[in-house]
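Remember, this note's numbering sits 4 above the position in the sequence shown when you count from 1. Please read the structure below before turning to the comments.
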Amino acid sequence: MCEHQLTQEDLEFDKKHIWHPYTSITTPLKVYPVTKAEGSYLYLDNGTKVV
5 MCEHQLTQED
15 LEFDKKHIWH
25 PYTSITTPLK
35 VYPVTKAEGS
45 YLYLDNGTKV
55 V
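Listed below in structure tokens is the structure:
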């Protein structure tokens, strides 16, 4: 498991330098940092559990 905590700098780097497939290159979507995954679930840094 990764112990690195995402920083605002990490998110800005992602936004500026990484194109995520199936997203608009000119109007990118908001980034949702994931803290862990279990089976088919992802857990976001705000505690939200998503499929």
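Glycine residues also receive a C-beta, built at the ideal position from the N, C-alpha and C atoms. Computed from a prediction, not measured in an experiment: that's the story for all the values here.
Assuming the contact rule is C-beta atoms closer than 8 angstroms, residue i and residue j should be a hit. Round their C-beta distance to whole Å, please.
i, j, result
"Lys19", "Pro37", "Going by Cβ atoms, the distance from Lys19 to Pro37 rounds to 12 angstroms, so no, they are not a contact pair."
"Asp49", "Leu15", "Not confirmed; about 10 angstroms, so no contact."
CA-CA distance, residue i and residue j?
i, j, result
"Ser44", "Val55", "6 angstroms"
"Val35", "Phe17", "11 angstroms"
"Thr27", "Ala41", "22 angstroms"
"Ile29", "Gln12", "20 angstroms"
"Leu46", "Thr52", "8 angstroms"
Can you check which of these residues, the options, is closest to residue i by C-alpha distance?
i, options, result
"His8", "Lys53, Leu46, Thr39", "Thr39"
Between which two residues does the beta strand (DSSP E) carrying residue i extend?
i, result
"Lys40", "38–42"
"Tyr45", "45–48"
Return the first residue and the last residue of the alpha helix (DSSP H) that residue i is part of.
i, result
"Leu15", "12–21"
Within a Cβ cutoff of 7 angstroms, which residues of the same chain sit near residue i, ignoring the five residues on either side of it in sequence?
i, result
"Trp23", "Ile29"
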